[in-house]
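Trainee:
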Amino acid sequence: ARELANMADERARLESDLLLSRQAVEKMEAQLVEVESARAKLESDSRELQSKCQDTDEKLKVTNEEKVVLAVTIGELEERFARVSSELEDSSGKEAVLKDQLMAARREIEQVLLDLELVRQEREREQEELQQCRVSEAKWSDELHRLREEKKELHKHMAILSGDSKAEVLLKQIKAEKDRIQHELSDQQRERQQVEDAGRILRTEINGLRAELVGAEEKLKEVNSLQEKLHSTQEQVRRAQTELTKSKEEQNTLNKKLTSVEAAVVEAEEERKRLEKTVEVVRLEGEHALKEAVSAARKEADSGREAAEEALRIALKREKEQIEQYVEAAAALKAELEAAKRPAKRSKKQAAQKGSSGEEVVKLPPQSKVKLVKDPRMGKIYRKAPKDVDDLTKLQGVGEVICQRLHDAGIYTYRQVAEWRAPQVRAISEDLNLKERIRRDGWQKQARALHKKKYGQAP
Numbered sequence: 128a129r130e131l132a133n134m135a136d137e138r139a140r141l142e143s144d145l146l147l148s149r150q151a152v153e154k155m156e157a158q159l160v161e162v163e164s165a166r167a168k169l170e171s172d173s174r175e176l177q178s179k180c181q182d183t184d185e186k187l188k189v190t191n192e193e194k195v196v197l198a199v200t201i202g203e204l205e206e207r208f209a210r211v212s213s214e215l216e217d218s219s220g221k222e223a224v225l226k227d228q229l230m231a232a233r234r235e236i237e238q239v240l241l242d243l244e245l246v247r248q249e250r251e252r253e254q255e256e257l258q259q260c261r262v263s264e265a266k267w268s269d270e271l272h273r274l275r276e277e278k279k280e281l282h283k284h285m286a287i288l289s290g291d292s293k294a295e296v297l298l299k300q301i302k303a304e305k306d307r308i309q310h311e312l313s314d315q316q317r318e319r320q321q322v323e324d325a326g327r328i329l330r331t332e333i334n335g336l337r338a339e340l341v342g343a344e345e346k347l348k349e350v351n352s353l354q355e356k357l358h359s360t361q362e363q364v365r366r367a368q369t370e371l372t373k374s375k376e377e378q379n380t381l382n383k384k385l386t387s388v389e390a391a392v393v394e395a396e397e398e399r400k401r402l403e404k405t406v407e408v409v410r411l412e413g414e415h416a417l418k419e420a421v422s423a424a425r426k427e428a429d430s431g432r433e434a435a436e437e438a439l440r441i442a443l444k445r446e447k448e449q450i451e452q453y454v455e456a457a458a459a460l461k462a463e464l465e466a467a468k469r470p471a472k473r474s475k476k477q478a479a480q481k482g483s484s485g486e487e488v489v490k491l492p493p494q495s496k497v498k499l500v501k502d503p504r505m506g507k508i509y510r511k512a513p514k515d516v517d518d519l520t521k522l523q524g525v526g527e528v529i530c531q532r533l534h535d536a537g538i539y540t541y542r543q544v545a546e547w548r549a550p551q552v553r554a555i556s557e558d559l560n561l562k563e564r565i566r567r568d569g570w571q572k573q574a575r576a577l578h579k580k581k582y583g584q585a586p
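In the numbering used here, the protein residues as written are 128 to 586.
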């Protein structure tokens, strides 16, 4: 009986060792899951870095396009600058020509005005002479009238003194006086005719000067129009100079912007290279760490499993040998064995009571009553809510909303969460819009701990 109790103790110890080995294997699996989650995190970080690299490439592409647009704009500004410069030179040449024409027109106008002033003075002088001639003509007309009256008187007196020699002498004198007066009168008439001819000539010259004056006024109008053109040309030149200054300022601004864009392109290129190097380093480090962790986990799991299997094999062999020994003495020890079974049962019950006194353990529902179906994407799920539902809100990161989503998807127990693998994690994260919350908060590890705490054993 003592040997049987020892064998039972040995069996219990082996079972406990096997349980510890299983727990070690589960721990290794949990570590493997953590390594998988770390790998997924590294992959997500790598994807984020790749997305950043793509964003940098897009920014670089946009910057290159902006650089091309700025180069085109600078070329257009340079063409406009050349065109405005040529227009400015043409305007300067036109301005010089217009200034020369304006000076020539002004000189002609001054000459015409001077000629007009001389003609006016000559006309005034001739009018004065004509006035003097008219006064002289009136004087001689009066003298001629007086002489005619005297002639009449003399004729009357000669009629009276026709036989007198004195009268003949006087008559001769009167005739001589008459001839002199007629000669002077003819001279006066000739002078008058000359004055009238000179007046006609002056009037002709005045009419010509008036025509010249009209031409000078027209030229003056042309000069005024040329001045207006000159002002408009000067205004165009000022506008062209202003536009040229603005174009130069825009060109300088665009050159500065182009320089800043080129510097940004260089910085973006350096940032992209740095990100590529960082991505490569992170990927290599992640792969190396993942390989080391997987290798270490596998080695540890293999060594623990091999040690447990070896210990179990040795124990089973020893137990088999002992059983063979005990079979020989079975007939003699039946009564003792039956008597020894009762205290063994009591000791087992006491051990069970001692194990359950530390913490209250819920009885795990039998698998036969659980109506689980295996979904190709989400793993084991319930079609309907089972009787025993675990409180999933005890998982960190699970609230009422996410708990309801999990229930709608058929997930009610810690065992379901603990049995998830990487494909199920991805599918559930995509379907329930959980992003990286499952890996980040470690739901599977928490579910194993909560299941063991509630049911007293690992899922």
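Glycine included, C-beta positions come from ideal geometry on N, C-alpha and C.
1. Rounded to whole angstroms, what is the Cα-Cα separation between D568 and I508?
2. With the cut-off set at 9 Å, would you say A367 and L225 are in Cβ contact?
3. Report the rounded CA-to-CA distance for I308 versus L340, giving the unit in angstroms.
4. Out of curiosity, what's the CA-to-CA distance linking E419 and S387?
5. Among residues of its own chain, excluding the 5 on either side of I201, which ones have a beta-carbon nearer than 6 Å to its beta-carbon?
6. Name the DSSP beta bridge partners of L499, please?
7. What is the residue span of the alpha helix (DSSP H) that L533 lies within?
8. I'd like the span of the alpha helix (DSSP H) that includes L522, first residue to last.
9. Taking the runs of the alpha helix (DSSP H) that are 4 residues or longer, which of them lie wholly in the stretch 173-197?
10. What number of angstroms, rounded off, separates the C-alpha of T520 from the C-alpha of K572?
11. In the DSSP assignment, find the unbroken alpha helix (DSSP H) run with E546 in it and report its ends.
12. Is D324 helix, strand or coil by DSSP?
13. Which residue wins for smallest C-alpha separation from S263, given the options L241, E304 and E311?
14. Which of the three DSSP states is assigned to N379 in this structure?
15. Whole angstroms are fine: how far does the CA of L229 sit from the CA of Q354?
16. Enumerate in chain order the residues of its own chain whose CB-to-CB distance from R564 is below 7 Å, with the five nearest sequence positions on each side excluded.
17. Taking all protein chains shown into account, do 16 or more other C-beta atoms lie within 10 angstroms of the C-beta of K581, making it buried, or fewer, making it exposed?
18. Please determine, among D182, L145 and D172, the residue with the shortest C-alpha to C-alpha distance to R399.
19. Which word fits H578, buried or exposed, when buried means at least 16 other C-beta atoms lie within 10 angstroms of its C-beta?
20. Could you give the residue range of the alpha helix (DSSP H) that holds A574?
21. Could you give the uninterrupted runs of the beta strand (DSSP E) lying entirely in the stretch 216-297, keeping only those of 3 residues or more?
22. What is the DSSP secondary structure of I538, reduced to helix, strand or coil?
23. Exposed or buried, V544, counting other C-beta atoms within 10 Å across all chains shown (16 or more means buried)?
24. Determine whether the beta carbon atoms of R542 and P586 lie at a separation below 9 Å.
25. If L336 sits next to L274, beta carbons under 8 Å apart, how far is it from one beta carbon to the other, in whole angstroms?
26. Taking the alpha-carbon positions, what's the N587 to E396 distance?
27. Nearest CA to the CA of R401: which residue from L411, E270 and L176?
28. Which term fits G342, buried or exposed, when burial requires 16 or more other beta carbons within 10 angstroms of its beta carbon?
29. From G583 to N560, what does the alpha carbon distance come to, in whole angstroms?
30. Where does E588 sit, in a helix, a strand or coil, going by DSSP?
31. Thinking just about the alpha-carbon of each residue, which of H415, V196, E205 and L499 is nearest to the one in L169?
32. In whole angstroms, give me the CA-to-CA distance for K302 and E253.
33. Return the residue from the list W267, L146 and H358 that minimises the CA-CA distance to S313.
34. Under a three-way DSSP split, which group does P586 fall into?
Mentor: According to the structure shown:
1. 22 Å
2. no
3. Between I308 and L340, the C-alpha separation is close to 45 Å.
4. The C-alpha of S387 is placed about 46 Å away from the C-alpha of E419.
5. L381
6. Y509
7. E527 to D535
8. Secondary structure note for L522: it is in no alpha helix (DSSP H), with a DSSP letter that is neither H nor E.
9. none
10. Our two residues, T520 and K572, have alpha carbons roughly 15 Å apart in a direct line.
11. Run containing E546: none; DSSP gives neither H nor E here.
12. helix
13. E311
14. In the displayed model, N379 falls within a helix according to three-state DSSP.
15. Whole-angstrom Cα-Cα distance: 7 Å.
16. G524
17. buried
18. D182
19. buried
20. Unbroken alpha helix (DSSP H) run through A574: W570 to Y582.
21. none
22. coil
23. buried
24. yes
25. 42 Å between Cβ atoms; not a contact.
26. Beyond the ends of the chain as shown, which are 128 and 586, falls residue 587; an answer cannot be given.
27. The shortest C-alpha to C-alpha distance from R401 to any of L411, E270 and L176 is the one to L176.
28. exposed
29. 32 Å
30. Examination of residue 588 is not possible in this model, given that the chain is present from 128 through 586 alone.
31. Checking every option, the nearest Cα to that of L169 belongs to H415.
32. 36 Å
33. W267
34. Here P586 sits in coil by DSSP.
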